[in-house]
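Structure first, then comments.
There are 2 protein chains.
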Amino acid sequence: MASRVHIGILGAGTVGGAVHDLIVNGHLARFGVDAEVVKVYTRTPEGKPRYGTSPELFTTDPYEVTGHPDADIVVEVLGASGPDDLCAQKDWVVDALRNGKSVVTANKALLVAHGDEIWTTARECNQAVRFEACVGGGIPIIGPLTQSLSAERPAAVYGLVNGTSNYILTEMAQRGRSYGDALASAQALGYAEADPDADVGGRDAEAKLLLLASITFGARLEPGAIHRKGIERIHAIDFLYAARKGRGTIKSVALARNAGGALEAMVTPMVVPDDHFIARIDGVTNAVFFKGEVSDGGSPDAGDWDYVFVGPGAGGGATAVAVLGDVHELVARSGDTPFLPVESIVSGVSSVRPEDDLRASFYVRFVVRDQSGIVGEICQVFGDKQINVSEIWQLEHTEEELESLVGAGKGGAASDEILPFVITLEETSVGQLRQALERIAQKDFVLAEPLWLPVWRA
Amino acid sequence: MASRVHIGILGAGTVGGAVHDLIVNGHLARFGVDAEVVKVYTRTPEGKPRYGTSPELFTTDPYEVTGHPDADIVVEVLGASGPDDLCAQKDWVVDALRNGKSVVTANKALLVAHGDEIWTTARECNQAVRFEACVGGGIPIIGPLTQSLSAERPAAVYGLVNGTSNYILTEMAQRGRSYGDALASAQALGYAEADPDADVGGRDAEAKLLLLASITFGARLEPGAIHRKGIERIHAIDFLYAARKGRGTIKSVALARNAGGALEAMVTPMVVPDDHFIARIDGVTNAVFFKGEVSDGGSPDAGDWDYVFVGPGAGGGATAVAVLGDVHELVARSGDTPFLPVESIVSGVSSVRPEDDLRASFYVRFVVRDQSGIVGEICQVFGDKQINVSEIWQLEHTEEELESLVGAGKGGAASDEILPFVITLEETSVGQLRQALERIAQKDFVLAEPLWLPVWRA
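So the protein sequences, as listed, match chains A and B.
Per our numbering, residue 1176 is the first one in the first sequence, and the count goes up by one each step.
Per our numbering, residue 1176 is the first one in the second sequence, and the count goes up by one each step.
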């Protein structure tokens, strides 16, 4: 049963180092795969003691890896970088494929930016590209969805796929911390980058959702087709409204679903009910939910999901395990070409719904200067746009909460003039809601841009 | 990319019918597999309208399936039965392998009873046997553990793998129902068999754990090596003690872990802390937890797990999806022989710990005739056996609760003489505990056999 495989690695950072360690320590031998690292590309070969006494293993020329005569598989773990870096990395991956090597990558930014060229090349060269580590970090997602559950008919795939955002929202929900305070903790703990925009702004989750939707629905989504909203404007009081009035909490959800043949895709904080399983996934943990048309597991959440996969969304060890799972898969499938022909996956989806046509119920939090007739004025705008108001929520607030809502100098309102409240709306479209909110924003009593979030439905 | 595959099916019950439906409705075509059913064995071909106008599809001779000249894969979905049936089913599977067909089975009882002969035959014939549907029903478990996570070093695998037991315990915990009442509900809802012994007694979970341990640790466990306890003696008051004094609940856990090179395996109700993820898996839902040495996901449960797989543990549709996932896997790996060489899986486990040597902290619930000096007498027995008492818990009880604890006529104790209480013990072995409890059982103040449960630790 033992199979031999030779591996070249592009990258010697946290993940690359862990991949190397696991191979050298025989972790793939467990199931009969005898693996060997033949070459490692890094820009900085010096000061990497974990690689032991093999300095000749290193090269500063990536083409010595992608063209190595002994390498069967090239592992690309170069981490996210700017457009120029991604362009160079794409050239290296394409070179590896043209040289008859399969590729395993953990670089989701690369696949999002240059996926078309990489898939086309893989097909031309009859080579595989695998990317389990690009979605949900270490959690097995692509294998289960494309193999074990391949006979399902997908209805929806969604989850919490950015650990930094989920950590921040969990801290805000459970400890009443402010966004800035929770973000600072995330940075201190090493969860968030110095520049956390890709995490908290939803771009990291968006890239994962693009890949997840492609393997689930065979849909090629462009980043612009996804309704994306970050968590930066969530305020501590939003958790109070969600909990006390809505019996729920707020989670940043990446979601793709088949809505009557049209694919809906969004990455946005949502108000989710407390008794939904997704509300119980806390901290940096990631989770991916899958709902199909065949399985009926009697899940407690009223059929919102059939399967959930939970685990570490990041970390060198977990990511390296996912990368080596792909290597193992390639070895086990020798002679086969398991690249994913995205456009040929049958899923019952025939179109992608534009962002403005996405439909949901909504939570809208207003901050206004307290004066009579405001609620009436706002409801009239919604009425004009055929949007039905469902509930209106008000809570008591501390002076501190009120002042932090409007920021410095906003309208010069004294704290006893600041009135926050929440209006929940029956199902409407993002486009209709935006138009209504644009009109409301022109009213002089509005002290802060209204925050609007979808309310969960599967 | 399209691959053609011809399938023979042994069985036309709920699962067999669902497998047939999914194939006929093109569910495997999603990822480019063109499948066709060539023959179906059933004892009762009449009255199966779902198979449409193809009565020639049926045979009452299983060897017409296992020896069908066109069949590439034989799917065996004949459900659990007695020893004679299992013996016959084994003969059919062996015949299929000898005829050069791969086998996919959903029959865990078959693998537990005749696994050795089946694996040996598969190896001799260079054919595959796959069994994703045998562990965790529809949840992808074997694929993720043996492929995606193959580079991990397993430390523990555990979970809730019997939906009936978990439904009953959930009802008792959340609604204060009695065991008998919750069991009756499970039967009325179709979760529990008319003869529920295999479920509530832990034998179903034991069979799943045998398979789970084999693919995780490469360990051949015999049923006798697993410490097994059913849920029949759990009483409503045990949930009160677990919740009010132990801040936890009771779940029937199937667990295998590497304890310093020795494998520990058990299926038993355990007291689990409320804030552990396993306490939040309710109803018939199944969940399998995996803990490795490499991944560190910062899971909220103090490193008790890295990955969790949640989903339907049963149901015709989900089971059929799992079976067809295996079929897909076999097609994708054509030319490979992915049978599982259990004895060659490297996992750091070198022995199996005998049941008496299993170690845990324990919850022991006593029911005694109230008189002075009892706690002292009991503690003295524990002391003699070098077992340290950790806590003693007492709650107020209703007359009804007290009487239901001792049953009719037990010692003729009036309800105000019945005293239940719980002693928790520091870590000790099952053997030591049993010896102590045997001595305590001889005391004349003991009104009911003490109930002892391990307290959770990973």
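Virtual Cβ for every residue (Gly too), placed ideally from N, Cα, C.
Would residue i be called buried (16 or more neighbouring beta carbons within 10 Å of its own) or exposed?
i: A:N1461; result: buried
i: B:G1478; result: exposed
i: A:P1230; result: exposed
i: A:Q1322; result: buried
i: A:S1277; result: buried
i: A:A1363; result: exposed
i: B:P1244; result: exposed
i: B:G1338; result: buried
i: B:T1573; result: exposed
i: A:R1350; result: exposed
i: A:D1559; result: exposed
i: A:G1467; result: buried
i: B:E1504; result: buried
i: B:G1510; result: Confidence is the limiting factor: at B:G1510 the pLDDT is only 49, short of 50, which leaves the residue's position unreliable and the question unanswerable from this model.
Any beta carbon of chain A sitting closer than 8 Å to that of residue i?
i: B:S1360; result: no
i: B:V1485; result: yes
i: B:I1293; result: no
i: B:L1272; result: no
i: B:L1499; result: yes
i: B:H1202; result: yes
i: B:P1220; result: no
So the alpha helix (DSSP H) residue i belongs to, where does it begin and stop?
i: B:W1627; result: Unbroken run through B:W1627 is the beta strand (DSSP E), 1621 to 1630; no alpha helix (DSSP H).
i: B:K1265; result: 1258 to 1273
i: A:L1415; result: 1411 to 1415
Counting only the same chain and skipping the five closest in sequence on each side, list residues whose C-beta sits under 6 Å from that of residue i.
i: B:F1464; result: Y1333, G1334, W1480, V1483
i: A:D1545; result: E1592, L1594
i: A:G1491; result: T1189, V1190, A1193
i: A:R1378; result: none
i: B:G1186; result: V1252, L1253
i: A:T1280; result: E1251, F1306
i: B:L1577; result: S1590, I1593
i: A:G1122; result: For chain A, the structure presents residues 1176 to 1633; residue 1122 of chain A sits outside this window and is missing.
i: B:A1437; result: S1526, R1528
Tell me which residues share the same chain as residue i and place their Cβ nearer than 7 Å to its Cβ, disregarding the 5 neighbours each side in the sequence.
i: A:E1552; result: K1618
i: A:A1382; result: K1283, A1284, V1287
i: B:P1513; result: Low local confidence applies: a pLDDT of 48 at B:P1513 is under 50, so the model's placement there is unreliable, and no value is given.
i: B:G1678; result: This structure cannot speak to residue 1678 of chain B, because chain B is shown only from 1176 to 1633.
i: A:K1265; result: L1285, H1289, E1292, I1293
i: B:W1568; result: Y1416, K1420, F1596, V1597
Quick one: measure Cβ to Cβ for residue i and residue j, integer angstroms, because I've assumed they're closer than 8 Å.
i: A:M1347; j: A:A1411; result: 6 Å
i: B:I1292; j: B:V1269; result: A small correction: the amino acid at residue 1292 of chain B is Glu; Ile does not occupy that position in the sequence shown. Yes, they are in contact, since the Cβ atoms of B:E1292 and B:V1269 sit about 7 Å apart, within 8 Å.
i: A:L1232; j: A:K1214; result: 7 Å
i: A:G1313; j: A:G1486; result: 6 Å
i: B:L1320; j: B:T1391; result: 6 Å
i: A:G1523; j: A:R1328; result: 6 Å
i: A:L1385; j: A:P1398; result: 7 Å
Any C-beta of chain B sitting closer than 8 Å to the C-beta of residue i?
i: A:D1471; result: yes
i: A:D1481; result: yes
i: A:A1369; result: no
i: A:V1496; result: yes
i: A:H1503; result: yes
i: A:A1195; result: The residue you asked about is not Ala; residue 1195 of chain A is His in the sequence shown. Not one chain B Cβ lies under 8 Å of A:H1195.
i: A:R1508; result: yes
i: A:D1619; result: no
If I follow the unbroken beta strand (DSSP E) through residue i, where does it start and stop?
i: B:H1451; result: From DSSP, B:H1451 is part of no beta strand (DSSP E); its letter is neither H nor E.
i: A:L1594; result: 1593 to 1604
i: B:T1460; result: 1460 to 1467
i: A:H1181; result: 1178 to 1185
i: B:K1426; result: 1423 to 1434
i: B:V1556; result: Where B:V1556 is concerned, there is no enclosing beta strand (DSSP E), although the alpha helix (DSSP H) it sits in stretches over 1549 to 1559.
i: B:S1163; result: An answer regarding residue 1163 of chain B cannot be provided, because it is not within the stretch 1176 to 1633 covered by chain B.
Starting from the beta carbon of residue i, find every residue of chain C whose beta carbon is closer than 8 Å, and list them in chain order.
i: B:T1321; result: The displayed structure is made up of protein chains A and B, and chain C is not among them.
Counting only the same chain and skipping the five closest in sequence on each side, list residues whose C-beta sits under 8 Å from that of residue i.
i: A:I1562; result: L1600, E1601, T1603, Q1607, L1608, A1611
i: A:E1571; result: none
i: B:T1300; result: Looking at the sequence shown, residue 1300 of chain B is not Thr but Cys. Here the set comprises L1272, R1273, G1275.
i: B:G1500; result: E1307, P1315, G1318
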